[in-house]
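Q: 129 is the number of the first residue of the sequence shown in our numbering; add one for each residue after it. A virtual CB, placed ideally from N, CA and C, is assigned to each residue, including glycine.
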Amino acid sequence: MIKNLPSLKSWLAAPPEKAPARLPIFAADPPQLKAELLPRLAKMFNIKANPEQRQHQGIHLQAQDGRLLAFYEVSGAFTFSDMAKLNNVDYRPTLPKLEDAPAIARKFLLEHNLLPDDLVEDSVQVVNLEQAKTSGEKLRRSTTPNHICVNFRQKIGGLLTYGPGGRIQVCLGEQGEVIGMLHAVRKYHRHAEPKLHSSAALGEILASRLGQPLDNVAVEGVQLAYFAESFVKPGAFLQPAYIFNLAAEITTRRQPEPARVSFMTHPVAATNFNPNIRIRSRSKMLRRYQGEEVRLETVVRGGTPPYRILWSSDIDGVLGEGPLLVTKKLSVAHRGSKITSHTIQVEVTDANGLQDSYALSLRMMPRRGTPGLIRAVPPAPELPDDPYVGVEWCNLYHGSAPDISGTNPSAQGFKNGIDAVAGWSSRFDWGNDAAWEQDFKYLTAPGGGEDYLWSDNVHFVFFAGHGSPGAFYFGSTVDDHQMVAADAHWGEGLLNWVVLHACQTMRNNFDWTVWCDSFCGLHQMFGFHTNTEGSDPPLGTRFALWLSFNLFGITFDMRTAWRMACSECFDASVEYAMIYANQAGTDTQNDHLPGVGYFSPDPTDPNVWCYVKASC
């Protein structure tokens, strides 16, 4: 157990603050802001409104000279970005004093009738752009303030909101100019008032999610809040939920001592208003033989029936519907000569549209005399001309670390979104047992690597799973479970861009410069300074959407696409991060997705790196 932190088991036995017996569930009113207000909003940000309505997937857009306004019809939320200023190293503003920033932001919102009474100031942050430059044998660092981020949060029923919704964010630049904004607040009315989960019920839910004894997991922090869903979604309900920041140890073969990983659970519903599903099984690691019957049954608690239950496999796709899965047709999955496992996932949707999911690992072993069931991944070796995308993800860690959720939808959502762009194709999609650390390591790294076949053999790679400062982790037993910055020489092959949807991989106060030597032609890395979590919608899906956006003459550079996707998926307490590398003749900070817009030549011998972190 991690020193000086209570275990999850002991925290549940005696939580520091006693929660009330009941808390109300709130239902959302229809959006107050309508698309008809778009011209007024555009004028507010000095954008000349185009009389032609520009709309894509329910998002109404107005743009001029790099200033972009996006209005989300489904929720009445909007975002504004001055793409030439936000997170641009060439923008060097004179910022107002930090202590004056909340009043400036509040005044702007009040002048435009955009500050509801139920909002409170949450946090204020100076967003700095840090640079590291080589000078002889030394790496010299400098910091340039880019903007001030002021966050407001709704307070409803005595609790603060948490999540991508229920908040306002104002970004201030030169002399307090508003250069960015997120406005995602709604009105709600009482819908129900169920009892909160007992400690025992909450512990059962957490044990099911984590796949580990609760005394093996430490508590870094817990918050009881109203979870406000993403403004990309209708956001029908506002539910009380627990936000857990947890820590555990993961054993690797290269280090004598276990590594510490911090992580978040997706907000855990505090009442039984939300359905909770699990598979009735003594283990999350099952084994069957080819042709043998697989019989799995669900247990659903809470929510509002009737339920829709869907089963799927990451290898064989959709398996069926209903509380019981019975099949003899699962493939034997393998990667090369190694047998891998299916990730069997079951998802429940209740009558209110509320969802929950559960996953376990099932390995089908080959049996003589039953031909035709073996299925290699990827199924087709032939590939068209480049560019390529590849993804890897882990959500089941087989006891080496707690299980997590949301990794496969994020990674696969990214793959599917990029693969749909003209000219792009996917090269690999490895999950759980088939996701290996050696896919990211250079050839002569300790233990050997095969990045030239995998991560460095695509132009864009995406990993989702556990992380820690300067490292990310795998659940397979093929190698040492761990990928560290020192083992990465990315860009010697095709690789230009990396996403690490993992906690703290690019933490600043750990020293983000450990990644500098990984840039061997690599343009940009995207990740997180803080803990992060799975999201709905999946982060990878939204990032791919904005990267590939090319309508009405509007496109997004990658740093803007990353910022927008993170704001759609996470709470402001989550801080995204980016690193981009340059040398004479390159301009990677303005990279667009190939096929969409400009992207820089490769910085094969970079001498300057820029680091950005900011609230989502």
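Would you call His394 buried or exposed, if buried means 16 or more other Cβ atoms sit within 10 Å of its Cβ?
A: buried
Q: Do Ala529 and Val427 have their CB atoms nearer than 8 Å?
A: no
Q: Ile296 and Leu223 - do their beta-carbons sit closer together than 8 Å?
A: no
Q: Please report the straight-line C-alpha distance between Tyr704 and Cys694, rounded to a whole angstrom.
A: 7 Å
Q: Which value, in whole angstroms, describes the spacing of the CA atoms of Gln566 and Gly545?
A: 26 Å
Q: Check this for me: beta carbons of Pro515 and Pro731, under 8 Å apart or not?
A: no
Q: I'd like to know whether the C-beta atoms of Arg182 and Phe677 end up nearer to each other than 8 Å.
A: The Cβ-Cβ distance between Arg182 and Phe677 does not fall below 8 Å.
Q: Report the residue from Thr683, Leu166, Gly668 whose alpha carbon sits nearest the alpha carbon of Gly655.
A: For the options Thr683, Leu166, Gly668, the alpha carbon positioned closest to that of Gly655 is the one of Gly668.
Q: What does the alpha-carbon distance come out to for the pair Asp579 and Leu452?
A: 41 Å
Q: Helix, strand or coil, according to DSSP, for Phe232 in the structure here?
A: Position check: residue 232 holds Ile in this sequence, whereas Phe was assumed. Ile232 carries a helical assignment under DSSP once its states are collapsed to helix, strand and coil.
Q: Pro509 by DSSP, collapsed to three states: which one?
A: Low confidence applies to Pro509: its pLDDT is 44, below 50, so where it sits in the model is not reliable, and the reading given next is rough at best. Under the three-state reduction of DSSP output, Pro509 falls in the coil class, being neither helix nor strand.
Q: Using 8 Å as the threshold, is the C-beta distance between Val298 and Phe206 below it?
A: no
Q: Check for me: the beta strand (DSSP E) holding Ser263 runs from which residue to which?
A: 247 to 263
Q: Using CA coordinates, which residue listed in Phe401, Glu377, Glu425 is at the minimum distance from Ala155?
A: Selected option, being the one with the closest Cα: Phe401.
Q: So if DSSP puts Tyr417 in a beta bridge, which residue, or which two residues, is it bridged to?
A: According to DSSP, which records beta bridges pairwise, Tyr417 is partnered with Met493.
Q: Mark Val454 as exposed unless 16 or more other C-beta atoms lie within 10 angstroms of its C-beta, in which case mark it buried.
A: exposed
Q: Can you find a C-beta in chain D that's less than 8 Å from the C-beta of Ala364?
A: The structure shown has no chain D; it contains just one protein chain.
Q: How about Asn404 and Arg381: do their beta carbons lie closer than 8 Å?
A: no
Q: According to the neighbour-count rule (16 or more other Cβ atoms, all chains shown, within 10 Å of its Cβ), is Gly339 buried or exposed?
A: buried
Q: Can you round the beta-carbon distance between Ala177 and Lys171 to whole angstroms, since I take them to be within the 8 Å contact cut?
A: 7 Å
Q: Nearest by alpha-carbon distance to Phe542: which of Gly551, Gly518, Cys522 is it?
A: Gly518
Q: So, is Leu267 buried or exposed, given that buried needs 16 or more other C-beta atoms within 10 angstroms?
A: exposed
Q: Is there contact here, the stretch 321 to 330 with the stretch 355 to 366, by at least three beta-carbon pairs under 8 Å?
A: They do not touch, by the three-pair rule.
Q: Look at the alpha carbon of Leu288 and the alpha carbon of Phe280, and state the distance between them as a whole number of angstroms.
A: 10 Å
Q: Have a look at Pro734, Tyr708, Gly725 and flag the residue whose alpha-carbon is nearest the alpha-carbon of Val217.
A: Tyr708
Q: Expressed to the nearest angstrom, what Euclidean distance is found between the alpha-carbon atoms of Gly649 and Trp439?
A: 42 Å
Q: If you run the structure through DSSP and keep just helix, strand and coil, what is Glu578?
A: coil
Q: Could you tell me whether the Cβ atoms of Val736 and Asn718 are closer together than 8 Å?
A: no
Q: From Met653, Phe638, Asp645, Asp561, pick the residue whose C-alpha is nearest to that of His609; which is it?
A: Asp561
Q: Do you know how far the Cα of Gln185 is from the Cα of Arg635?
A: 34 Å
Q: Would you grab the beta carbon distance between Glu520 and Trp558 for me? Rounded to a whole angstrom, and I think it's under 8 Å.
A: Distance from Glu520 to Trp558 at the Cβ level is roughly 5 Å; contact confirmed, criterion being Cβ atoms closer than 8 Å.
Q: Pick out whichever of Leu334, Ile407, His657, Val396 has its Cα sitting closest to the Cα of Leu490.
A: Taking the Cα of Leu490 as reference, the smallest distance to any Cα among Leu334, Ile407, His657, Val396 is reached at Ile407.
Q: Rounded C-beta distance between Ala387 and Ser596? I'm assuming under 8 Å.
A: Sure, about 6 Å apart at Cβ, within 8 Å.
Q: Based on Cα-Cα distance, which residue from Asp584, Val586, Ser553, Asp615 lies nearest to Ala777?
A: Only positions 129 to 744 of the chain appear in the structure, and residue 777 is not among them; the question remains open.
Q: Are the Cβ atoms of Leu324 and Ala141 separated by less than 8 Å?
A: no
Q: Go ahead and pull the three-state DSSP assignment for Ala742.
A: strand
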